[in-house]
Amino acid sequence: MTQSPTLPILQNYINGQWCYSETDQYLDVVNPATTEPLAKVPLASAAEVDLAAQAAQAAFVSWRKTPPAQRIQYLFQLKQLLEQSFEELAQTITTECGKTLEEARGEMRRAIENVEIACGIPMMMQGTNLEDIASGIDEFMIRQPLGVAAIIAPFNFPGMIPFWFMPYALACGNTCIIKPSERVPLTMSLVFQLIDRLNLPKGVINLVNGSKEAVDAILDHPAIRSISFVGSTPVARYIYSRAAANGKRAQCQGGAKNPVIILPDADMDMTTRITADSAFGCAGQRCLAASIAITVGEARQTYTESIAHTAATRIVGYGLDEKVQMGPVITAQSRQRIETLIQQGTDQGAKVLVDGRSPQIPGYEQGHFVRPTILQDVDPNSEIAKTEIFGPVLSLIHVETIDQAIALVNSGQYGNMACLFTSSGAAARKFRYEAEAGNIGINIGVAAPMAFFPFSGWKDSFFGDLHGQGQHAVEFFTQTKVVVERWSQKDWSRKF
Ligand code: NAD
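The working numbering runs 410 ahead of the 1-based position in the sequence shown.
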């Protein structure tokens, strides 16, 4: 816990009002490239979560009665405001999270795309009906909102991830509490300045800054009906079980260790470019980052040479500089952890083909930088092949057949994404059929689904059933009611 009294102090947004937290617990928000402190973020108490939950619960009474076509008018306005503030939002993401400006812009494009899709809720939320299921009896299913929805976000997409859930929750008639990552709270603060201009009814959407205490209070609060979480697997597992024990609906996205397979018939230039972007984009701090490249047969030599060259020549620096291709990792601890894992990998027999440890980035000597790193001849059973590194490290593993490669993919603990690079349709079909992962890429390095598809994940990458985005989000944020209805035919001829 650091003390920097001159820094701006972030506020919560509860019941339509900005308010200073009553806590005495603060963290500094730090620019990971310059290590300059940017602001102080409060760590809200359970009492403050309670205020937000009560406000959201009170707002739900009339918000759920507001017609969906009217609710989405706020989203249309929000889309416009997000577009007007697009560059400012992207710069804020880069400043607090470290990714390049172009990556930050891509993140905000995805956020806006989710607002656009949620504007289709009046269609997407429709139920089903059938007349005369028995003589004179009609049956239909309607969808109703659940109530107060809580969204708990990780550090690596401060702008986008709350939008996987929030626009759908609101459009479906739920009210909302967002808890951003305490490491990157500035972007959501800016988003809420825009939300404040929408003149939404008070309490429909609330922002609570905090960490574990706030999360636990959310998980235990009786008014909160659903939890949407994105973060690491141990926390996802914990949140899912505690939310479920408290009778809440929960979707919890966890960590990943994404493999990509390279067959000898792949377009090697394209494959190298795409897999390098996947492994080193966002400094590897992406749940869809390629972490293991499995070369099959003759792909080994060509791919190894070309990926080594691409990794070694990537431009690393401060993301606000448009020439930079990769920014820092989030904290000094994160950098230390990544470098320790690289060392463990070499201790377990891997060869460091490109070593990105302890780089000197001119002008940013204190920044949390790790350059792209390639480990070769990684033992599939070693820790480095199994642990989520969440940094710009690609491990190379070699096998002789596609079956061995797919078996390796499926042996992993996680199942967020798996990709294949090939020019064979038959190999692609076999792979997408057999690979155990929720997001599959064929000649794609970051298989991030558009907003009208669910953001899927299997095994230890996801706890729950329905996912964020698109139709799944509509189902997650609504409960169904089946009505069976009969009217006496005698009444039909009555005079009204
Ligand atoms: P994290 O699990 O440390 O934190 C996520 C959120 O949980 C934060 O808001 C944090 O305040 C809260 N939290 C942390 N520890 C907690 C605890 N003990 N009890 C209650 N709440 C707690 O994750 P992170 O480091 O911010 O994000 C990186 C992780 O997120 C990576 O593992 C990455 O793979 C994963 N991620 C997954 C997806 C996906 O779609 N599957 C997307 C993005 C990130």
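Virtual Cβ for every residue (Gly too), placed ideally from N, Cα, C.
Quick check on residue i: does DSSP put it in helix, strand or coil?
| i | result |
| --- | --- |
| TRP902 | helix |
| HIS882 | helix |
| ASP542 | strand |
| VAL670 | strand |
| THR890 | strand |
| ARG593 | coil |
| ASN849 | strand |
| ARG474 | coil |
| GLU775 | coil |
| THR741 | coil |
| CYS507 | helix |
| ASN820 | helix |
| VAL706 | strand |
| ASP687 | helix |
| SER701 | strand |
| ASN422 | strand |
| SER638 | strand |
| THR682 | helix |
Quick check: what's the CA-CA separation for residue i versus residue j?
| i | j | result |
| --- | --- | --- |
| SER866 | SER744 | 26 Å |
| ARG842 | ILE850 | 7 Å |
| GLY755 | SER792 | 7 Å |
| SER701 | GLY691 | 11 Å |
| ILE353 | ILE740 | In the structure as shown, the chain starts at 411 and stops at 906, and residue 353 therefore has no counterpart that could be examined. |
| ASN826 | ILE671 | 15 Å |
| VAL856 | ALA693 | 13 Å |
| GLY759 | PRO790 | 11 Å |
| ASN619 | PHE800 | 24 Å |
| ASN425 | LYS612 | 5 Å |
| VAL706 | ALA689 | 19 Å |
| LYS840 | SER495 | 44 Å |
| ALA624 | ALA456 | 6 Å |
| ARG553 | TYR423 | 29 Å |
Return yes when the C-beta of residue i is under 7 Å from any heavy atom of the ligand NAD, and no when it is not.
| i | result |
| --- | --- |
| VAL625 | yes |
| GLY727 | no |
| ASN524 | no |
| ILE752 | no |
| PHE863 | no |
| CYS697 | yes |
| PRO564 | yes |
| ASN656 | no |
| VAL517 | As written in the sequence, residue 517 is Glu, which differs from the Val given in the question. No, Cβ of GLU517 sits at least 7 Å from all heavy atoms of the ligand NAD. |
Exposed or buried, residue i, counting other C-beta atoms within 10 Å across all chains shown (16 or more means buried)?
| i | result |
| --- | --- |
| VAL893 | exposed |
| CYS582 | buried |
| ALA627 | buried |
| ARG904 | exposed |
| TYR430 | exposed |
| PRO452 | buried |
| GLN695 | buried |
| ILE543 | exposed |
| MET570 | buried |
| GLU885 | buried |
| GLY835 | exposed |
Would you say the beta carbon of residue i is closer than 7 Å to some non-hydrogen atom of the ligand SAM?
| i | result |
| --- | --- |
| GLY641 | In the structure on display, the ligand SAM does not appear, and the ligands it does have are the ligand NAD. |
Residues in the same chain with beta-carbon distance under 6 Å from residue i, minus the five sequence neighbours each way, listed in chain order, please.
| i | result |
| --- | --- |
| ALA633 | ALA463, GLN467 and VAL558 |
| THR682 | SER716, ILE717 and THR720 |
| THR643 | GLY664, GLY665 and ASP870 |
Short of 7 Å in beta carbon distance, which residues of its chain neighbour residue i, apart from the five on each side in sequence? Order them along the chain.
| i | result |
| --- | --- |
| ALA828 | ASN668, PRO669, VAL819, ALA845, ALA847 and ILE850 |
| TRP574 | ASN524, PHE865, GLY878 and GLN879 |
| PRO772 | none |
| PRO568 | ILE503, GLU506, CYS507, PRO590, SER591, VAL594, THR597 and MET598 |
| VAL809 | ILE704, VAL706, ALA815 and LEU818 |
Flag residue i as yes if its beta-carbon sits less than 8 Å from any beta-carbon of chain C, otherwise no.
| i | result |
| --- | --- |
| ALA837 | Looking at the structure shown, chain C is missing, and only one protein chain is on hand. |
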